[in-house]
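Read through the structure below, which is laid out as structure tokens, and then see the notes.
Residue numbers (full-length UniProt numbering): 1 to 85.
Okay, structure coming up:
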């Protein structure tokens, strides 16, 4: 399915959830991923989803959403020792 508009049969998934999952996985294995310095990570995450036949979606959880911002804040605190806002 390559339709730009998801329909009732199309599976969707938030690319930022993929970014969060991969970031956490890499960090758990002692690697030091950096968000943003190599571009928007949601773009390749969306491409990965499409390669698996899943359409990127769920725009209710964009990078600006409170839930995503909380998660990113927790990651920054864990990785960089930044204080909680």
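All C-beta atoms, glycine included, are put in the ideal place defined by N, C-alpha and C.
Note on geometry: alpha-carbon atoms of residue 17 and residue 57 lie some 11 Å from one another. Residue 82 and residue 76 have their C-alpha atoms some 6 Å from each other. Under the three-state reduction of DSSP output, residue 15 falls in the helix class. The C-alpha of residue 55 is placed about 7 Å away from the C-alpha of residue 13.
Per DSSP, residue 68 is one residue of the alpha helix (DSSP H) stretching across 66-80.
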